[in-house]
Amino acid sequence: MNEKSLRVLEFNKLKEKIKFYAKTAACKDSIDELVPYNNIFEVREHLEETEEALDIMMRKGNPPFEGLYDVREAVYRAGKGGVLNAGQLLKIAQMVRCARRFDDYIKRKEGEREYYRLENICTGLFPLKKLEDDVFNAIISEEEISDKASTTLFNIRKSLKDKNSSIRDKVNAIIRSNSKYLQENLYTMRGERYVIPVKAEYKGMVQGLVHDQSSTGATLFIEPISLVNLNNEIKELVLKEKAEIDRILNELTLKVSDNITAIKNNMNIVNELDFIFAKAKYGSEINGICPKISEDRTFDIIEGRHPLINKEVVVPSDIYMEKDFSSLIVTGPNTGGKTVTLKTVGLLHTMALSGLLIPAKENSKIGFFKEIFADIGDEQSIEQSLSTFSSHMTNIVNIMEKADENSLVLFDELGAGTDPTEGAALAMAILESLRERGCRLVATTHYSELKAYALRTLGVENASVEFDVETLRPTYKLLIGIPGKSNAFEISRRLGLNNETIDRAKNLIPNDNLQFEDLIQSLQEKTMKAEGDAKRAELNKIEALNLKEKYEAKLQGLENMRENAYMDARREAKQILRDAKEEADKILKNMRELERMGISSDQRRKLEEERGKLKDKLSNAEESLNKKVVDNGEAIKEVTLGMDAFLPSLNQNVVIISMPDNKGEVQVEAGIMKVNVKLKDLRKVKSNKKEIKKKKKEEVNLRLKSISSSVDLRGMDSEEACYTVDKYLDEAYLSGLSEVTIIHGKGTGILRKAINDMLKRHPHVKSYRLGEYGEGGSGVTVAQLN
1 MNEKSLRVLE FNKLKEKIKF YAKTAACKDS IDELVPYNNI FEVREHLEET EEALDIMMRK
61 GNPPFEGLYD VREAVYRAGK GGVLNAGQLL KIAQMVRCAR RFDDYIKRKE GEREYYRLEN
121 ICTGLFPLKK LEDDVFNAII SEEEISDKAS TTLFNIRKSL KDKNSSIRDK VNAIIRSNSK
181 YLQENLYTMR GERYVIPVKA EYKGMVQGLV HDQSSTGATL FIEPISLVNL NNEIKELVLK
241 EKAEIDRILN ELTLKVSDNI TAIKNNMNIV NELDFIFAKA KYGSEINGIC PKISEDRTFD
301 IIEGRHPLIN KEVVVPSDIY MEKDFSSLIV TGPNTGGKTV TLKTVGLLHT MALSGLLIPA
361 KENSKIGFFK EIFADIGDEQ SIEQSLSTFS SHMTNIVNIM EKADENSLVL FDELGAGTDP
421 TEGAALAMAI LESLRERGCR LVATTHYSEL KAYALRTLGV ENASVEFDVE TLRPTYKLLI
481 GIPGKSNAFE ISRRLGLNNE TIDRAKNLIP NDNLQFEDLI QSLQEKTMKA EGDAKRAELN
541 KIEALNLKEK YEAKLQGLEN MRENAYMDAR REAKQILRDA KEEADKILKN MRELERMGIS
601 SDQRRKLEEE RGKLKDKLSN AEESLNKKVV DNGEAIKEVT LGMDAFLPSL NQNVVIISMP
661 DNKGEVQVEA GIMKVNVKLK DLRKVKSNKK EIKKKKKEEV NLRLKSISSS VDLRGMDSEE
721 ACYTVDKYLD EAYLSGLSEV TIIHGKGTGI LRKAINDMLK RHPHVKSYRL GEYGEGGSGV
781 TVAQLN
């Protein structure tokens with residue numbers, strides 16, 4: 001996109017706000033380079049990754065960017081064979097640790113939402129825990145190497161500590177014995193050697209090497225001759241310590257060089273993630289949303305807000321351009337918000353096309369444009385001897401040379417700065433020329449001629465910024481479809497200009513113009529009233545829908561209560577019947593006991609009669625109970641797959657999903673359950689509406705025939721996935737598929753194991769295997785059906 005439009009729309013100011021959330025200089029450089037992408041696929045991809053970043057922050061908190069630095073220079077140096085210092089190594093280790101933690105942060109756990117874009121980016125992260133630990137164990141800070149860095153360094157520092165302790169004891173003894181010759185009874189260091197401050201006049205009394213003198217010359221700093229060897233030993237140890245530290249840094253640098261490809265890759269990915277999350281954090285600050293991107297260049301910004309205006313005072317506007325018009329002429333008084341509206345359209349498009357969330361309401365839509373041209377603001381140039389009109393016209397000429405059907409063109413006060421008649425004619429000619437090329441146009445103006453042009457021209461729509469004459473304040477609301485009125489007379493009257501002068505001014509304007517302005521005012525008032533009525537109607541509609549949902553829920557509750565009461569009564573009746581049977585069994589048992597004890601033939605005959613009566617009563621009671629439910633319909637003789645039936649034992653309708661087996665049983669689907677029942681226990685569904693039944697059967701058969709050859713389980717937990725696969729396998733089996741693909745993803749392997757365990761015992765599955773190369777690998781399972 002052209003640099004001038006980005007500057008005019010203040011996109012650079014917006015990028016400065018995003019930089020506030022950047023962790024590294026590399027991220028800030030990426031923000032500086034951010035411009036709208038030149039194809040719709042990139043736009044959608046970067047919008048989705050920004051939206052995913054915002055969502056994951058809401059769910060998991062801030063990403064693990066703690067201690068992240070820009071390490072590009074250090075990595076480049078290591079790649080070229082240079083030796084890194086402690087600070088550079090520490091920053092590389094912190095970047096590597098950030099990459100490892102981010103891999104854990106983004107990893108999806110069972111049942112969590114999938115972040116497709118971010119997960120794809122993070123697949124390239126390579127954990128280097130060993131390198132990370134080696135650096136952190138060896139380096140404490142940019143200025144300090146740990147004693148644990150090597151055994152040699154530990155021993156050198158231990159010897160150095162012992163030598164320092166020994167020499168301090170010795171130098172203190174020398175101070176005590178020579179205190180009368182000293183300026184002060186203390187020792188100091190010169191050139192990393194222990195010295196004592198001797199008065200100049202006594203320099204011959206203390207044998208040693210003079211290293212320094214005070215500024216006055218009254219004190220000489222002498223290294224006693226007895227300390228020379230000890231100082232030499234300490235100096236030697238210090239040199240050994242430095243050499244060992246250099247060796248450790250060399251060794252760590254070599255480890256970095258050995259992993260330079262993985263480190264560069266991690267660095268690039270972490271920098272990209274920093275950039276994405278900086279955009280997401282800014283999106284959170286402005287309450288941004290991810291807009292839809294339309295290929296037909298229409299747009300619909302719902303309650304769009306200019307992101308650079310304080311969100312406490314900014315007024316949202318609805319701005320749209322649909323297929324029935326490609327140009328919008330915005331009119332209204334000065335300070336009414338026309339320029340802000342223009343900049344809002346341009347900046348929100350620029351943001352969305354750059355992969356940024358926009359401050360608007362959900363379901364907002366942005367058009368895809370390869371170029372956005374803007375002629376906004378005062379372009380007067382004293383240096384170039386250009387008037388306002390000339391400057392604007394220079395810019396417009398440049399726009400007309402480059403604009404095409406993939407361009408959005410924004411004009412502020414088109415044709416202003418010259419004779420109104422000529423300016424209006426020129427503005428209409430420019431608009432017509434650009435419209436013929438297929439450009440999308442939004443222009444602001446004061447000219448009544450342009451309002452009339454918009455009214456009579458197909459594909460051009462009027463719009464106006466609302467103005468409250470009573471308070472002399474703009475409302476900043478955009479009214480599309482209504483031309484604006486300048487309100488100069490009303491504003492002047494409210495500010496105190498006498499009526500006589502205003503009436504005289506009105507008489508100087510042609511009557512047609514006054515009638516046109518009055519028509520505009522009438523239209524605005526009617527529009528405001530219509531909008532108020534529409535809002536009230538919408539509120540009433542929402543209230544009615546809420547009431548409807550409430551009473552539907554109540555009705556459903558009553559239905560459930562009725563069904564539950566019926567089922568409870570039936571269960572109670574069956575329990576009574578079972579109790580009666582048990583009682584009868586006891587009685588019969590007692591009768592048999594009496595028989596064994598010996599009774600006459602008459603008594604035996606009477607017992608048999610009573611026994612028969614008891615059995616008849618129980619049978620009649622059971623038949624009576626079942627008759628109310630079972631004999632509630634006609635038995636099914638011919639079975640077709642997908643047909644509806646009534647199952648009395650469950651008291652609900654079911655769908656037959658298998659043909660009868662050799663036992664006379666069929667499998668039916670009742671809600672989420674699948675059960676085997678005897679065909680003779682099913683009854684035809686009674687319905688007076690045969691067309692509805694036929695349509696439902698056709699829908700079931702169509703569903704069975706159009707079953708997909710694969711099912712995607714990613715994002716589900718084990719229980720939900722097993723249920724989905726079970727149902728899918730039934731439908732696939734009924735549809736005659738011989739092989740299906742179950743997509744479960746790689747992840748932790750928990751979902752794959754649960755699916756494979758289920759497939760082992762599933763009646764429709766003949767065999768199964770993991771996917772091969774090109775089929776999805778271990779992320780899918782391929783099942784052969786019976």
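Start counting the sequence shown at 1; every next residue gets the next number (UniProt numbering). Where a beta carbon is used, it is the ideal one built from N, C-alpha and C, also for glycine.
Straight through space, the alpha carbons of Glu10 and Lys361 are spaced by roughly 22 Å. Around the beta carbon of Tyr187, 16 or more other beta carbons lie within 10 angstroms, which makes this residue buried. Within the same chain, and ignoring the five residues on either side of Leu426 in sequence, the residues whose Cβ sits closer than 6 Å to its Cβ are Gly415.
For Phe20, the three-state secondary structure derived from DSSP is coil. For the 8 Å CB-CB criterion, Leu347 and Ile366 do not form a contact.
In the three-state reduction of the DSSP assignment, Ser226 falls in the helix class, which pools H, G and I. Note that the stretch 243-256 touches the stretch 80-96; at least 3 beta-carbon pairs, one per stretch, sit closer than 8 Å. Nearest Cα to Ile145 within the set Ser226, Ala243, Glu401 and Lys170: Ala243. Membership of Val171 in the alpha helix (DSSP H) is indicated by the continuous run Thr151 to Ser177.
DSSP places Thr261 in the uninterrupted alpha helix (DSSP H) bounded by Ile260 to Glu285.
In the same chain as Ala732, and ignoring 5 residues on each side of it, the C-beta atoms closer than 7 Å to its own belong to Ile707, Val740 and Leu785, in chain order. The Cβ atoms of Met400 and Ser433 sit closer than 8 Å to each other.
Per DSSP, Val135 is not a residue of any beta strand (DSSP E); the alpha helix (DSSP H) it occupies stretches across Lys129 to Ala138. Each residue's CA atom was taken as its position, placing Glu295 and Thr50 some 20 Å apart.
Within the same chain, and ignoring the five residues on either side of Lys17 in sequence, the residues whose Cβ sits closer than 7 Å to its Cβ are Tyr282.
Shown here for Asn185: same chain residues with a beta carbon closer than 6 Å to its own, the five before and five after excluded, namely Ile175 and Ser179 in chain order. Excluding five sequence positions before and after Val8, the CB atoms of its chain that fall closer than 6 Å to its own CB belong to Ala374 and Ile376, given in chain order. Secondary structure note for Val666: its beta strand (DSSP E) is the uninterrupted segment Glu665 to Ala670.
Asn231 counts as buried, since no fewer than 16 other beta carbons sit within 10 angstroms of its beta carbon.
In the structure shown, Ile245 adopts helical secondary structure according to DSSP, grouped into three states. The beta-carbon separation of Val465 and Gly332, rounded to 4 Å, stays under the 8 Å limit for a contact. Here DSSP, grouped into helix, strand and coil, assigns Met58 to helix. Annotation for Ile302: the continuous beta strand (DSSP E) segment containing it runs Phe299 to Gly304. Nearest Cα to Val270 within the set Ala22, Leu479 and Met643: Ala22. When DSSP assignments are scanned along the stretch 336-416, the uninterrupted stretches of alpha helix (DSSP H) that are 4 or more residues long and fall wholly within it turn out to be 338-353 and 388-402. Secondary structure of His764 (DSSP, three-state): coil. It is roughly 43 Å from the alpha-carbon of Lys15 to the alpha-carbon of Asn540.
Take the alpha-carbon of Ala25 and the one of Gly87: they are about 17 Å apart. Taking a C-beta distance under 8 Å as the contact criterion, Leu308 and Lys13 qualify as a contact pair. Arg683: not part of any beta strand (DSSP E); DSSP gives it neither H nor E.
Beta-bridge partners of Ala78 (DSSP): none assigned.
When secondary structure is reduced to three states using DSSP, Lys678 falls in the strand class.
Put simply, of Glu634, Pro648, Gly747 and Phe277 the residue whose alpha carbon is nearest the alpha carbon of Arg571 is Pro648.
Between Ile743 and Val782, the C-beta spacing is not below 8 Å.
Membership of Thr421 in the alpha helix (DSSP H) is indicated by the continuous run Pro420 to Glu436. Secondary structure note for Arg117: its alpha helix (DSSP H) is the uninterrupted segment Tyr116 to Cys122.
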